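Numbers in this note's numbering are just positions in the sequence shown, counted from 1, shifted up by 187.
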Amino acid sequence: MSETNAAEAAAPHRYTAALAADIEIRWQDFWDANGTYDASNPSGELAGDPEAVARPKKFIMDMFPYPSGAGLHVGHPLGYIATDVYARFHRMTGHNVLHTLGFDAFGLPAEQYAVQTGTHPRVSTEANIENMRRQLRRLGLGHDPRRSFATIDPDYYKWTQWIFLQIFNSWYDEKANKARPIATLVEQFASGERATPDGRPWEELTAAERADVLSGYRLAYASDAPVNWCPGLGTVLANEEVTAEGRSERGNFPVFKANLRQWNMRITAYADRLLEDLEALDWPEAIKLQQRNWIGRSEGARVDFPVADHPDAKITVFTTRQDTLFGATYMVLAPEHGLVDAIVPAAWPEGTHDVWTGGHATPAEAVAAYRKHAAAKSDVERQVEAKDKSGVFTGAFAVNPVSGERVPVFIADYVLMGYGTGAIMAVPAHDTRDFAFARAFELPMRCVVDPSTASDSSSGAGRDTDPSTWDDAFSSYDAKIVNSAGEDISLDGLGVIAAKARMAEWLAARGIGEGTVNFRLRDWLFSRQRYWGEPFPIVYDEDGVAHPLPESMLPLELPEVEDYSPRTFDPDDADTSPETPLSRNEDWVNVVLDLGDGAGPKRYRRETNTMPNWAGSCWYELRYLDPRNAERLVDPDIERYWMGPREGQPTGGVDLYVGGAEHAVLHLLYARFWSKVLYDLGHISSAEPFHKLYNQGMIQAYVYRDSRGIAVPAAEVEERDGAYYYQGEKVTRLLGKMGKSLKNAVTPDEICDEYGADTLRLYEMAMGPLDVSRPWDTRAVVGQYRLLQRLWRNVVDEATGEVSVVDAEPDEATLRALHKAIDGVRQDMVNLRFNTAIAKITELNNHVTKAREVPRQVADALVLLIAPLAPHIAEELWRTLGHDTTVVHEPFPVADPAYVVDETVTCVVQVKGKVKARLEVSPSVSEEELEKLALGDPAVVAALNGAGIRKVIVRAPKLVNIVPA
């Protein structure tokens, strides 16, 4: 008989992987059959026990997973297990807990798979979802299955489309500081309360003209704008989807700037509120900082520069340093700026510097060539400090409004159309980039901030007011203004802050500018030239006017098409434009509809772009609340119950939202914007979607690469003498991400097969603090497996399978160990410190293991302590101990304070800084009593040797320090 068989014969009821598998599948079936994790709504189809609804609520969420064809590796469930542990703990502490999981299922991978194989994206996506559900179920996650959905479900994206229409049919009223229905704006135009742009009465405008006016206000609007066009992918990309090298994040194709008509979300209208409301959120400060930086609020002034020889043209700039206007010696426009073509002359002005022309015969040729050069760069590349500055003179001049001087107008790629006004006034003496550009193009500089007056002498040390002698720009807020006097204004002698205020007043008084606030945040590009996304609920009439579909026509479902791929082009061909998959189904695109607006049936053309993959994840928390409501987005009472404002949560939101820090800006910012619009329109009570945000770390793995730099299978690498080998060849090892392509992925199924799901859950939670990245080590998993085996052995006789606990009172040492563990684990659970909670449970379990007999009271508590972490074995042991309830809703143990406090503590007594005695005292001993005990101790008396005492420092109960006279 083998050793293994002998061990199994001696202990047939030992906790093994096979037994774990049997226990886990049985309890998962039990939970499903009994609706164990069903959360009770206060009303509606998912209304539950009024007693459960009356409990304090807890809404716990994970960031939406994408159902990948590769399935899960062990790094993916880290956050899911953590939120499950947290949710289970709160159920046991008397909360009504909502915890579920859906799938963010639209996206490029499924579409690319469809292009390669011809498989409909829905087929492959639904298969991926089923596989992921199977893997997640095996982990024992306590999700409410009634609330799960995928963004590709028509019943779900009906409401995504509905929200788009709410945004489309809204405008931002700056006086009310909120979104309002577009009908209220129409009323203002119709009544004359608000003038139309050209002053004509509203009723005299054509339908197309009215639509154009309203488009300038709508929160969702289509416009011709510079976009990131990727010919290699055949689609437009958001700024965030373009790398710093100016290439697509997916596929690494070149990205170019192009003017295309696209849908946008006017998120910029909410910039101030998006900033202000961050203060009330319980988010990591690093994430708040990233959002603040992305929004990029700056105070300054808008200034109009007339264009010489063009009476009706002006260049408007935004500057944060209007105090330096007298120092503006040239201007720069973004190459895409709409004014460029209008001001470019036929020939170079007399006396134009050769370096300004770029070697071209005419300004038009120079501008065209430079635009092509700039289009090949991403916004990120254009903002990077380049050693060699590039640009070209337009041939036009502007007039400095304070000095009256003519200043040349250039185009350069370091000025972006998407920031400010797409134009800058250049003050080279006091701006680093302007300084470098001026040196490169032999442009004049004028010092208007005196370096010698800087409060920090080092910043202006050795400089006079002649910039030609400087090595770089002088930029300071702590200096006096000079050389800044005109006919009716002088800033000379003023500090920067005072000069900024005076200049803003002067500009406003003359109607050529005003103090204003600017943001780095740009409107959200919302169109994608893809098939696998939500169709826009928009049609166009024969005049090109956009019309919203009525709610009765939602959802507008995706049609069938023969080819799922957008038309792609030579990756380097910038002179191309998108052709969408939906445009190929002409029967779907060209339709006759009665929109219910009184116009009767008319011919329309559908929008053939689709929404970005961000759309479905902008509001999914709301659908979790009321997933079967076919009549409205969410029932107001249900939304108010789970997400409404309350003490400590003034803007409402999800109680805990766990996900990766990589979503710090985009997803979180977009979801906050949608929530605020819905809040303004009265559809929800929560102005913020997620009150508390927690970023889990990453489970990393070693990547092994051969001499070619190609990843080799990690499982087949051998370690010899501190080096690593694959098939005899030496390979390098580097800690990094885990993934199929890196050949280092370990699947949850592998670990579950070898040890069981509870072991996997414990190992992932025990690896380290939840918010810190940590390396995976399969060899270390066995440690948690042994913990569960010892726990099992403390309750079950491995030879007979009978309960081995006794109905006896625990001794005092065990009671102290038990209640200290309970107290510590409770605190750790509240604060998501699951690794230290497991350490305390392990310590208690080891204490119990040493006991000859295990008291039932201790066994019960031990099982309940580990239940949130290892729910399957906890359920089995709870039932084995004679209970007929599920452990899920059992009260979590509460510590007895009398046993948490040590009976005695050791107090160190020092004389002249050296330890002379140790006293065992009560933890509650007073300072007076402790001093008396210390001074009376024989060893202390001997150390003092009759000397007087100058001072006694008492830190009860652990320290007494005696200073002799």
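No residue lacks a Cβ here, since even glycine has one placed at the ideal position from N, Cα and C.
All values reported here derive from a predicted model rather than from experimental measurement.
When the distance is taken between beta carbons, is residue j closer than 8 Å to residue i?
i       : j       : result
Ala301  : Tyr866  : no
Leu949  : Gln971  : yes
Pro1151 : Val1096 : no
Gln215  : Arg324  : yes
His200  : Glu985  : yes
Asp600  : Lys559  : no
Phe251  : Tyr857  : no
Val779  : Arg792  : no
Val589  : Gly673  : yes
Phe713  : Met954  : no
Ala241  : Val284  : no
Leu1049 : Leu978  : yes
Val423  : Arg434  : no
Val683  : Glu629  : no
Gly262  : Ile886  : yes
Thr619  : Gly487  : no
Asn705  : Phe505  : yes
Counting only the same chain and skipping the five closest in sequence on each side, list residues whose C-beta sits under 7 Å from that of residue i.
i      : result
Lys501 : Asp491, Phe492, Pro493 and Val494
Thr511 : Val614, His617, Val635 and Val636
Ile210 : His1059, Ile1060 and Glu1063
Ile454 : Leu708, Asp710, Trp711 and Phe860
Asn356 : Pro368, Ile369 and Pro735
Glu903 : Tyr913
Pro582 : Note that residue 582 is Gly in the sequence shown, not Pro. Excluding positions up to five away in sequence, the list reads Val531, Pro532, Trp535, Pro536 and Pro550.
Trp693 : Ile676
In terms of alpha-carbon separation, which member of the options lies closest to residue i?
i       : options                               : result
Glu472  : Glu999, Tyr881 and Asp984             : Tyr881
Ser639  : Thr652, Gly438, Leu1051 and Ala627    : Thr652
Pro1080 : Arg1066, Leu1005, Val1041 and Thr1067 : Leu1005
Gly266  : Tyr517, Gly884 and Asp1015            : Gly884
Ile1053 : Phe276, Glu238 and Met954             : Phe276
Glu766  : Asn772, Pro753 and Glu773             : Pro753
Asp271  : Met632, Asn587 and Asp249             : Asp249
Pro876  : Val423, Pro264 and Ala467             : Ala467
Ala370  : Gln353, Glu361 and Ile316             : Gln353
Pro532  : Asp541, Thr507, Phe580 and Glu1090    : Phe580
Met1016 : Asp1047, Pro1055 and Val983           : Pro1055
List the endpoints of the continuous beta strand (DSSP E) containing residue i.
i       : result
Gln1014 : Here Gln1014 belongs to no beta strand (DSSP E); instead the alpha helix (DSSP H) covers Glu999 to Val1017.
Asp491  : Arg484 to Val494
Val860  : Looking at the sequence provided, one finds Phe at residue 860 rather than Val. Careful: Phe860 lies outside any beta strand (DSSP E), inside the alpha helix (DSSP H) at Leu853 to Asp867.
Asn705  : Gly700 to Phe706
Which residues in the same chain as residue i place their Cβ atom closer than 6 Å to its Cβ, once the five residues preceding and following it in sequence are excluded?
i       : result
Ala1143 : Val1112, Glu1114 and Leu1117
Ile1140 : Asn1148
Ala207  : Gly943
Ile1009 : Pro1080 and Ala1082
Ser645  : A caution first: Ser645 carries a pLDDT of 49, below 50, which makes its placement in the model too unreliable to give a value.
Lys1007 : Val1087
Whose C-beta lies closer than 8 Å to the C-beta of residue i among residues of the same chain, with five residues either side of it excluded?
i       : result
Val993  : Glu1040, Val1041, Pro1042 and Arg1043
Gly288  : The amino acid at residue 288 is misidentified as Gly; the sequence shows Leu. These residues qualify, in order along the chain: Asp249, Pro252, Tyr267, Leu323, Leu328, His330 and Ser335.
Lys1145 : Val1092, Thr1093, Cys1094 and Val1095
Arg1105 : Thr1093, Cys1094, Val1095 and Val1096
Pro296  : Tyr253, Ser255 and Gly256
Looking at the secondary structure, which residues open and close the alpha helix (DSSP H) in which residue i lies?
i       : result
Gln449  : Not the alpha helix (DSSP H): Gln449 falls in the beta strand (DSSP E), residues Phe443 to Met452.
Phe624  : Thr619 to Ala627
Cys1094 : That residue, Cys1094, is in no alpha helix (DSSP H); its beta strand (DSSP E) goes Val1092 to Val1098.
Pro1042 : Neither: Pro1042 is in no alpha helix (DSSP H) and is coded neither H nor E.
Of all Cβ atoms in chain B, is any one closer than 8 Å to the Cβ of residue i?
i      : result
Phe276 : Any reference to chain B falls outside this structure, which holds one protein chain only.
Does the pairing of the region 708-717 with the region 725-736 give three or more beta-carbon distances under 8 Å? The region 708-717 is not in contact with the region 725-736.
I want to know whether the region 338-352 touches the region 268-285 - three or more CB-CB distances under 8 Å. no
Do the region 796-807 and the region 283-299 meet, that is, are 3 or more Cβ pairs less than 8 Å apart? yes
Per the contact definition of three or more C-beta pairs closer than 8 Å, is the region 756-774 in contact with the region 404-415? No: the two stretches stay apart, fewer than three of their Cβ pairs being nearer than 8 Å.
Is it true that the region 578-598 meets the region 515-529, where meeting means three or more beta-carbon pairs spaced less than 8 Å apart? yes
Assess, as a yes-or-no matter, whether the region 836-856 is touched by the region 475-483 under the definition of 3 or more beta carbon pairs within less than 8 Å. Taking 8 Å as the limit for Cβ pairs, the verdict is that the region 836-856 does touch the region 475-483.
Cβ contact check for the region 841-848 and the region 376-387: 3 or more pairs under 8 Å: no
Contact between the region 896-910 and the region 229-240: three or more CB pairs below 8 Å? no
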